[in-house]
Each structure stands twice: as structure tokens, then as C-alpha cells.
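Just below is one structure, and these are the notes that go with it.
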Amino acid sequence: MESELVLNLRRQLREAEEERMKAAQYGLLLLESQSELQNQLDKMRSEIMTTTENYEQEKFTLHREVELKNRMLESLNSECDAIRQQQRLQLDTLEEQLSRSHGQEVNELKNKIEKLKAELDEARLSEKQLKHKVEHQKEILSAKSEELRIMSERVHETMSSEMLSLQIEITELESVKASLEERMNELQYRQEQLELINNNLQHQLECLQGEKEDREKEVVSYFNALELQIATLLQMKGSQTEFEQLERLQAMLEQKNGEVENLLVKIKQLEKFKNLYENMESKPSNSSCTPEDNTYYIDLLQMKLENSNKEIEKVRDELSLQRMKALYESQRVLEVERKLFANERHLQLFQSENMNLRVKLDELQMKYEPEEPVEIPVHKKKCEKLPLDVPLSKDEASASTVLEDPSNLTSDSETNSSASNLGGENQRPSENSGNSAVTLSLPKTPPVDEQPLKEKKCVKIIGITSSPKVLLERDGNAANPSRLLAAESKLQTEAKEGKDTASKPERKTLKKTYTTLYVSSKPTQTQCPQQ
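Counting the sequence shown from 1 gives a position; this note's numbering is that position plus 91.
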């Protein structure tokens, strides 16, 4: 019985050992299958990560290529716009030149036609006068011939003395005729001289107009060369900015590539540690004989595997965070670069608009301002008194009106018309102009009994010596001397108008009050800024 019990116990022990061995074998098989599955999972994860990285890199590269192409298109569009603007400017300048040349030619032809008409009128008048004189001389000759015929009829009846007197009269008439013929020849000679002088003046005018056109062409060519230089400078500046952007982007790419390489090195190190742990697992499984040692090593390896898996997950999380940060930073950099590129494009557009405005301003200055250097006159204090109260007699008034020079009348009329034009163009209140002060002071009219018999008109010109340095110091924004001269000429014309308008009613009536004009010779730059 005892032996049977021992045998049963031994059988049970053997069965238990066999079951333990089977369990250990099954556990090893399970561990191997688990490790293989883990390896497959790791491989699949690595493949998925590599594929996602490749797809992201391709996406990033395609995005960058699209952005570069968009930038190239924008730059090409801006260049096309600049070229179109240049061509429009050139077309405008050519149209302006053609219109100017056409207008000049038309004006020249009109002036020539007017001159020829005036010459024709003068020639017709001279011919009429000469015909009238010839007819008058013919009438005189016919009358004298009739008288001679009558005298010849009476010769036989009259005495020899009368015949001699008639002969003397005939000789006198012949001498008068010869003198008239000489005078006619002299007038013809003078007419020819005047025609020659007129031709010389026309030739000089044509030469001066040709020189003026040549100078205008030189100025236009100079402006075109300046515009081309400015456009090339702007293009060079744009290319420099693009090169700097490329260098910046390359530096950022190198930095990000370095970070990615560091992360890849860390991943490789972790994979090496993992392989070492797997080798350590395989070695103790082969050398272990007892089940307690196997369980101990299995627990250790499981702990190490869990720790390594946790570290791998942490590193992957860090890698994903770094990649997200890199993508976010790259997006920020791209946005900043877009803003910078847009700002640079706006700056180039504003610069081109500024240059166009400067060119237009220079053209307007060339149009409306004289090119010759103008000397600023120095005004001195003057006090003119015009006694207009003395009555003129009828004979003196008629003589003065007859002996007036027509050139003075025309000049006065021209100054009055120019002053009226200036007044019409610049209808602005003269209260804002602080430098120029034209004040009209009307004295109170005394009663008829107390009014003096003789009253005089006084035009006081209060002048201050104005040098160019003083004028420049007086105005912060120094204007051109042409504006100063225009303002001074306007003041002079206003003073002349005041004189003329005041002198006309004084000639009519003596007992009348007169105005006093206080004209200051300061530069009136604020009166006519549009000139």
C-alpha cells in the first residue's frame, strides 16, 4: 500500500512536472509570439511613420513650390505692370510732344499767314496811295496841258512875256514831276529794305525755334534716361531682397534638418537598446533550468520592456511635438515672409508712384517756369506824387491825345489784360497773404465849403531791400524766383491799374476825393501759388 501510494505520488509529481514543463514551453512560445508580434507592430509603426513623414515632406515641398510659383507670378505681374506703366508714360510723352509740335507748327503757319496778310494790306495801301498820287498828277498835267493849250491859243494874242511865264511854269512842273518820281523811287527802295529786314527776322525766328526744339528733345531724352536708371535701380533692389529671402530660407532649412537628424540619432539609439534587451531575454531563457529563475528573468525582462516602451512613446511624443513646432514655426515664417514681400511690393509701387509724380512735377516746372536765371530786383523806397488837379486846355488835351505813342497804349492795355487774367485765375482772399498788404484808405470827404481847391493823388510805394538770402530765410519752403517776379509784376500791374483808374475821373471833376494806395514791395508768394 505504501509502495502504491509512493508510486501514485511519484506519478502525480511526474505529471505535475510534465504539466509545469508544458506550461513553461507554452509560456516561452507565447513570449516568442508576443515578441514577434511586437516586432511586427514596431515595423508597421516605423513604416507608417516613414510614409507619413515622406507624405508630409512631399506636401511641404509641393506647398513651397506652389508658393514660389505664386511669388514668381506676382513678380512677373508686377514687372508687366511696371513695363505697361513705362509704355503708357512713353506714349503720353510722345502724344504730348506731337501735340506740342503740331500746335507750334499751326501757330507758326497762322503767324506767317497773318504777317503775309498784313504785308498784302500794306502793299495794297501803298499801291492805292501811289495810284491816287499818279491820278492827281495826271489831273494836274491834264489841267496844265489844257492851260498850255489855252495859252498857246492866246499866244498870238498875248505878249511874249506871258509866253515866257508859261514856259517857266512848264519847267517848274517838270521839275516837280522829276522830284515826285525820285520820291517814289525812294519809297520803293525803303519798301524793299523793310522786306529784307522782315525776311532776316523770320530767318532768325526759325533758327531760334529750331534751337528751342533741339533743347526740348535733349531735356526729354535726359528725363527718359533718368527714368530708365530709376527702373533698373528698383529692379536691382527687388532682386537683392529676393536673394536675401532665399538665403534666410536656406538657413532655416539647414537648422530644421539638423534637428531632424538629432531626433533620428536618438531613435536609432533607442532601437539599439531594444535589440540589446531582446538579446538579453533570449540568453537567460536558454541558460535557465529552474522555473523560479525563468519567472524572475521573465519579470525583469517584462519590466525592462515596459520601461523601454514608455521611453519610446515619450520620445515619439517629443518627436511629434518637435515636428508640430517646426511646422508651426515654418508657417509663421512663411506668413512673415508673405507680409514682408507684400510690404516690399507696396514700397516699390509707392516708390514708382513717387518717381512718376516727381517726373510730372519736373515737367510742369519745365512748362510753367522760365529756364533762364532771373535776377531779383532790389526795391528802394519811393514816393511818387502825381499832380492831377491842374486843368488842361482844349488845345493841349487834343495835342496830347494826338501825340501819344501807340506802343505805350498797347503796353498799358496788355498790362491791364494780364492783371485781369491774374485776378480771374487767382480769386482768393488776399487777407491770408501776410507778406503782401495793399490797403486802400479812403479819407473822409469834407463839406463843399471847407474842401480845398487843390487836391493831389499820392502813390506811396513802401519798399524793403529784398536780397535772395533774406527771401530764402524768410520762407522755410523756399520757392522759385519766377514766383517772386510773377507776384511783383502782379503788384506793379495793380498799381498801374490804380493809377489809370484814379487819373480818369480826376480829369473830369476837380472837386473829388482821391484814394491813396500803399503798396508794399514784399514778395507775395502766397497770392498766386498756382503759377
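Using N, Cα and C, we set each Cβ at its ideal position, and we do this for glycine too.
Item, Value
"How is Glu460 classed by DSSP in three states: helix, strand or coil?", "coil"
"With H, G and I counted as helix, E and B as strand and the rest as coil, what does DSSP make of Glu248?", "coil"
"Less than 8 Å between the C-beta atoms of Leu626 and Met242, yes or no?", "As shown, the chain starts at 92 and ends at 622. That puts residue 626 outside it, with no answer to give."
"On the premise that Gln188 lies in contact with Glu311, defined as a C-beta separation below 8 Å, what is that separation, rounded to the nearest angstrom?", "In the sequence under discussion, the amino acid at residue 311 is Val, which differs from the Glu named in the question. Right, the Cβ-Cβ distance comes to about 7 Å (below 8 Å), so this counts as a contact."
"Could you check whether Leu200 and Gln228 sit closer than 8 Å to each other, using their CB atoms as the reference points?", "no"
"Which residue wins for smallest C-alpha separation from Lys458, given the options Arg191, Asp172, Asn366?", "Arg191"
"Output the distance between the C-alpha atoms of Glu106 and Glu95, rounded to the nearest integer angstrom.", "16 Å"
"Using 8 Å for Cβ pairs, my map puts Arg436 next to Ser169. What's the rounded Cβ distance?", "6 Å"
"Rounding to the nearest angstrom, what Cα-Cα distance links Val424 and Arg175 in this structure?", "33 Å"
"Might you give, ordered along the chain, the residues of its own chain that have their beta carbon closer than 6 Å to the beta carbon of Ser521, omitting 5 neighbours on each side?", "With a pLDDT of only 40 at Ser521, under 50, the local geometry of the prediction cannot be trusted, and the value read off the model is given with reservation. If we look at Ser521 and ignore the five residues flanking it on each side, it has no Cβ neighbours."
"Assuming Leu448 contacts Leu410 under a Cβ cut-off of 8 Å, what Cβ separation, rounded to an integer in Å, is found between them?", "Rounded, the Cβ-Cβ distance is 56 Å, inconsistent with contact."
"Select from Ser137, Leu121, Met446, Leu98 the residue whose C-alpha is nearest the C-alpha of Gln320.", "Met446"
"For the pair the stretch 288-299 and the stretch 151-168, tell me if three or more CB-CB distances fall below 8 Å.", "no"
"Are Gln177 and Ala316 closer than 8 Å when you measure CB to CB?", "no"
"Go ahead and label Leu98 buried or exposed: buried means 16 or more other beta carbons lie within 10 angstroms of its beta carbon, across all protein chains shown.", "exposed"
"By how many angstroms is the C-alpha of Thr184 removed from the C-alpha of Met163?", "31 Å"
"Tell me whether Glu109 sits in a helix, a strand or coil according to DSSP, three-state version.", "helix"
"Just to check my reading of the structure: Val450 and Phe334 have Cβ atoms closer than 8 Å, yes? What is that Cβ distance to the nearest angstrom?", "The pair is not a contact, with the Cβ atoms about 29 Å apart (cut-off 8 Å)."
"Using the Cα positions of Gln220 and Glu226, report the straight-line distance between them to the nearest angstrom.", "10 Å"
"Would you grab the beta carbon distance between Ala173 and Ser443 for me? Rounded to a whole angstrom, and I think it's under 8 Å.", "7 Å"
"Just tell me which of Glu397, Glu350, Glu230 has its CA closest to the CA of Leu416.", "For clarity, residue 416 is Lys in the given sequence; the question names Leu instead. Taking only the C-alpha atoms, the option nearest Lys416 is Glu350."
"Thinking Leu361 and Glu402 are a contact (beta carbons under 8 Å), I'd like their distance in whole angstroms, please.", "7 Å"
"Roughly how many angstroms lie between the CA atoms of Leu211 and Cys171, to the nearest whole one?", "59 Å"
"Let's test the definition: count the other Cβ atoms within 10 Å of the Cβ of Leu392 and tell me whether it reaches 16, buried, or not, exposed.", "buried"
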